[in-house]
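Residue -15 is where the sequence shown starts when you use my numbering, and the numbers rise one by one after that. From the three backbone atoms N, C-alpha and C, an ideal C-beta is built for every residue, glycine too. Being a predicted model, the structure only gives us computed values, none of them experimental.
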Amino acid sequence: MPRSRSSRSDKPARPVAPWVRTRLRTAPWAAAALALLVLVTGYLAAALPRAVDRYETEGLRHDIRAAAPRNSVLELTSPIPVEERGPGLAPDVLQGQSDEVRGLFPAPILIDPEQTVHGVRTVKRVPGSDPWLPKPDGIPPEFVLSSPSGLTEHATLRQGRLPAGTAAAPEAAVTAKTAASLRLKPGSVVHVPDKLGTAPVAVTITGIVEPRAPESPYWAVEPLLRTPALAPLVGDEVKYYWQAALLLSPASAPAALSTTNDVEVFFRFMPEAGHLTGRDTDRLDAALDSATGGPDLVRMRKAVKGNANLTTQLDAIVDSYRSMRAAIDPVVAVAVFGIGAVAAVVLAMTGGLFVARRDGELSLLRSRGASLTGIGLRLLGETSAVAVPAAALALGLAVATVRPPGGGSGGIPLAPSVLATALVALIAILVLPVRAVVLHRRPRLHGGRDDLLTARPSRRRTVLELTLLVLAVGAVASLRLRGTGDSGDHLVSAAPVLVGLIAAMVLVRVYPLPLRWLTRPARRLRGAVGPLALARAGRAPSSGALPLLALVLALTTAAFGGSVLAGVADARDRAALLATGADARIGGSVEWTPLPAGLTESVRGLKGVRDVAPVQIEYGVSLPSYQGTAAQPMSAPIVGVEPGSYTRLADRTGFGPFPAGLLASTGRGGEDAVADTERVLPAIASPAVAERLGKEPMDIIAAAGAFRVKVVAVRATTPALDDADFLLVNGADLTHRSDTQLLVTGPVDGAALRAAVKATSDSLAVKLRTEERATYVDSPLQSGAERIYLGAIGAGAAFAVVAVLLSLLQNAPERNTLLARLRTMGLTRGQARRLLGLEALPQAVLAALGGILVGWATVPLLAPGIDLFRLALAAAPGFAPLDSAPLRADPWSLVLPALAVVVLTGLAAVGQAWWAGRRSSIKELRAGDAR
-15 MPRSRSSRSD
-5 KPARPVAPWV
5 RTRLRTAPWA
15 AAALALLVLV
25 TGYLAAALPR
35 AVDRYETEGL
45 RHDIRAAAPR
55 NSVLELTSPI
65 PVEERGPGLA
75 PDVLQGQSDE
85 VRGLFPAPIL
95 IDPEQTVHGV
105 RTVKRVPGSD
115 PWLPKPDGIP
125 PEFVLSSPSG
135 LTEHATLRQG
145 RLPAGTAAAP
155 EAAVTAKTAA
165 SLRLKPGSVV
175 HVPDKLGTAP
185 VAVTITGIVE
195 PRAPESPYWA
205 VEPLLRTPAL
215 APLVGDEVKY
225 YWQAALLLSP
235 ASAPAALSTT
245 NDVEVFFRFM
255 PEAGHLTGRD
265 TDRLDAALDS
275 ATGGPDLVRM
285 RKAVKGNANL
295 TTQLDAIVDS
305 YRSMRAAIDP
315 VVAVAVFGIG
325 AVAAVVLAMT
335 GGLFVARRDG
345 ELSLLRSRGA
355 SLTGIGLRLL
365 GETSAVAVPA
375 AALALGLAVA
385 TVRPPGGGSG
395 GIPLAPSVLA
405 TALVALIAIL
415 VLPVRAVVLH
425 RRPRLHGGRD
435 DLLTARPSRR
445 RTVLELTLLV
455 LAVGAVASLR
465 LRGTGDSGDH
475 LVSAAPVLVG
485 LIAAMVLVRV
495 YPLPLRWLTR
505 PARRLRGAVG
515 PLALARAGRA
525 PSSGALPLLA
535 LVLALTTAAF
545 GGSVLAGVAD
555 ARDRAALLAT
565 GADARIGGSV
575 EWTPLPAGLT
585 ESVRGLKGVR
595 DVAPVQIEYG
605 VSLPSYQGTA
615 AQPMSAPIVG
625 VEPGSYTRLA
635 DRTGFGPFPA
645 GLLASTGRGG
655 EDAVADTERV
665 LPAIASPAVA
675 ERLGKEPMDI
685 IAAAGAFRVK
695 VVAVRATTPA
705 LDDADFLLVN
715 GADLTHRSDT
725 QLLVTGPVDG
735 AALRAAVKAT
745 SDSLAVKLRT
755 EERATYVDSP
765 LQSGAERIYL
775 GAIGAGAAFA
785 VVAVLLSLLQ
795 NAPERNTLLA
805 RLRTMGLTRG
815 QARRLLGLEA
825 LPQAVLAALG
835 GILVGWATVP
845 LLAPGIDLFR
855 LALAAAPGFA
865 PLDSAPLRAD
875 PWSLVLPALA
885 VVVLTGLAAV
895 GQAWWAGRRS
905 SIKELRAGDA
915 R
């Protein structure tokens, strides 16, 4: 039965559509743009702490893994009592003790069971008494008797068989290198003295083994086990003797007790690093303290039944990592604060754009009785519906893409990423309702001017600017006095941002002045485009301070970040150049190794070689003092150079350049001048050497000859040496002339250079500047911090682009209406493009100039408090060629981003004019349209 019309009228009225859904459907593209901006910004904010945590974790693991095994090993040693006869040294007993001790290490220390070694060894080397053993200077070789466990797993048998034996008839194996150097073979019997002076202990060599992984901890902790050493014995004269190791079988270990009373049990444990994170440094220090001298050491002593001690350099590795991290973190924090400030300003600009576009709508609602609370809550609902899902998605993407190192082992805390993403979402949510409530809290006159030329700063704004000025000055002063060492002082890290903020406020204050100065010359121009563009630029809304602030902060961040990266690269280049002295260095690994004849000409003829400087270096020459014998002894290297080539090298490198005439030859050198010890050689000295020698000629006695020197110039550095002290003389004046180093300039191919050197001598080594430079970047802490700075520069550039586009979009409807009306008066498309381009340029040029000035001023202001040494060089100060890496302003980082901003602004304005010319003007020309 069909329903009657009366029944339809009884149905309740359909409710009005909800506000949020209606608004999102009305402006879907605006909501999508806001969601995209929140997504990108939230992702960057969430990924940053995860990226920092990742490279810090990688840095700690790298430092432990890359350390020499003898430094990272945890070695427990226990002296064997004199009354021990062998039962306590049985292989099963030692294996049980090793397994028990391995389980006693406190967290977070984990032990690699495959690299765990235990055994018995003599602490004091015992001499071999057999006459057939090699004796270079008549001194018998000395042996370490050691019984490391797991020999079959870490070595390959080459000859004979693996040792077995007993305490009464011990057997041992030796490595191939030991056998070759000590003339050992299967069946050889090595006799070592008995500690009681009775019959010597005979150790039978049953086999020769080859280490499977010579650099593994099994062999590298005690290199003597795999490779014998020719050790010096210093007395009236230096004599040499062999040191080697005999690898006893575990069953033969008690035989070591018969040779000396200085025998110990050792347990070597290699720590694993794959589970550690950058946050475990404090726990690791506490665990090491407990294991080396705390309750855990007591438990280990009970397990091995002896007065054991645990030694390791792992704590020094952790301390070095912590010091590098403490030096790098404050520098990275400056970039983080910079990009964070730019992102916050861009989010605020987005809210300002939305408020400007909906100003008429909100004014109408206020005139019809809408409360500020109601408007604010509805706008809050709009932005929350867009920003919260976008922020959640950004957090999920950051967690999914920035994973912990090592396949997910060692999780990254989620709390910092959640807080960062929540902060982004909070700014995006609140900026629109807060800005709308502030603007519409009072009724406003329709059509009143609100531009930069007529707006007068309020008292509140003046107080705010003065407050920020005080904070900026305090931050910069604090940074200059204390440096970046206090990682908890965020005010110091925010100093560049505060300086940029103050500069932006000053630029907004002075913005009308250049416009007024340009107004009079513009009136004399033909046409109306120039004056109209200046007038339009002056009518820019007073809210235009936000785009200016965003651009200045972005340019400041880019300039500071570029200067940091340029300073790091420059420090590495200079350190590598100082370490090699030139693009390549050829010399012997042993001091005073003469260069073979013909090598210089052979190298000079290689492709890419532009110059060659041969030098003669003699180290450890005793220097007299003008004060006589009262002065403390001092020695320094003497460098004999060819003044022409060496002067060119010093000029190119910048290390102690000098005129070649300072080292003019005396004409008396060579073997004929042996008896002429009174000749005076002009010399260039380092400051300490010059101070010791004084101004008068002083006698020098060296292997290069006996002569007198007089200091004619002082230089702090020289290419031939990276040491602090040196003495340069003309090599032609030396009695015994023999070049020992060759400094090569030019982009020579390393393989070709090494082939040419090897063709003349096998005892020479080639050192390339490029290879030396690569060694200064060996920590993920360094590379990770550099990636953060590169990301900050890229993100700052992206946000600067967004700021430019938002500033143009804010007044896009008004510009379209203006162009439509001017076209009815005969304005051409070319004139329209010039009009909008000239209108946008003043503020862009002002921002570019402000960014250049602020960046140029910020770097010198903050440079005394920032040292890029640990970020640039892996070594600690004192172990690298440079002692510091100061921050300097990089001209390219200042100019290029500023020019890019001006060009981008002009292109965007021209593009807007082109797009407006393609559209119909009917909408803009409707009568009564308030826009």
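Less than 8 Å between the C-beta atoms of Q827 and L497, yes or no?
no
Does DSSP put P671 in a helix, in a strand, or in coil?
helix
Let's see if you can read the secondary structure: which residues bound the alpha helix (DSSP H) around A739?
G734 to T744
With distance defined between alpha-carbon atoms, name the residue in D280, A456, G734 and D683 nearest to I570.
G734
Return yes when the Cβ of P621 is within less than 8 Å of the Cβ of Y603, no when it is not.
yes
Of the listed residues P125, E675, V693 and T637, nearest to R663 (C-alpha basis):
V693
CB-CB under 6 Å to P147, same chain, minus the five flanking residues each way: which ones, in chain order?
E155, A156, A157, T190 and S233
Sheet register partners of I192 (DSSP bridge)
Q143 and V158
In its own chain, which residues sit with a C-beta less than 7 Å from the C-beta of R588, not counting the 5 before and 5 after it?
V596
By the three-class DSSP mapping on this structure, what secondary structure does R(-11) have?
Low local confidence applies: a pLDDT of 47 at R(-11) is under 50, so the model's placement there is unreliable, and no value is given.
D264 - containing beta strand (DSSP E), residue span
Neither: D264 is in no beta strand (DSSP E) and is coded neither H nor E.
So the candidates are S629, R676 and T10; which of them puts its Cα closest to the Cα of P598?
S629
Quick check: the Cα distance between S619 and D635, rounded to an integer number of angstroms?
27 Å
Where A275 falls: helix, strand or coil (DSSP)
helix
Going by DSSP, what residues sit across from Q725 in a beta bridge?
G571 and V599
DSSP beta-bridge partners for K694?
P666
Selection from A19, I48 and L549 that minimises the alpha carbon distance to I411
A19
Per DSSP, what kind of secondary structure is S629 in: helix, strand or coil?
helix
For the putative contact between A787 and A553, defined by C-beta atoms under 8 Å, what is the C-beta separation to the nearest angstrom?
That pair is no contact at about 29 Å.
In terms of DSSP beta bridges, what is Y305 paired with?
In DSSP, Y305 forms no bridge with anything.
Among V247, I93, G87 and T842, whose alpha-carbon lies nearest the alpha-carbon of V483?
T842
Can you give me the start and stop residues for the alpha helix (DSSP H) that L377 sits inside?
L356 to T385
Considering only C-alpha positions, which residue in the set S745, V658 and L379 is nearest to I685?
V658
Given the structure, does A369 come close to the ligand SAM, in the sense that its CB is under 7 Å from one of the ligand's heavy atoms?
Ligands in the displayed structure: none, and consequently the ligand SAM is not present.
In whole angstroms, what is the alpha-carbon distance linking I301 and A52?
10 Å
CA-to-CA distance, T701 to T100, given in whole angstroms
48 Å
Return helix, strand or coil for S619, following the three-state DSSP convention.
strand
How far does the alpha helix (DSSP H) with V36 in it reach, from first residue to last?
P12 to A50
Which partner residues of H175 appear in the DSSP bridge assignment?
A186
Tell me which same chain residues have a C-beta within less than 8 Å of the C-beta of S471, skipping the five on either side of it?
Low local confidence applies: a pLDDT of 48 at S471 is under 50, so the model's placement there is unreliable, with the coordinate-based value given in what follows. The residues are A310, D313, P314 and A317.
P(-1) to A328, Cα distance in whole Å?
A caution first: P(-1) carries a pLDDT of 49, below 50, which makes its placement in the model unreliable, though a value can still be read off. C-alpha separation (whole angstroms): 39 Å.
Can R45 and A270 be called in contact, C-beta distance under 8 Å?
no
Could you give the uninterrupted runs of the alpha helix (DSSP H) lying entirely in the segment 808 to 865, keeping only those of 4 residues or more?
813 to 846 and 853 to 856
Would DSSP call W876 helix, strand or coil?
helix
Taking Cβ positions, are A847 and R872 nearer each other than 8 Å?
yes
How should V249 be labelled, buried or exposed, when 16 other C-beta atoms within 10 angstroms of its C-beta is the threshold for buried?
buried
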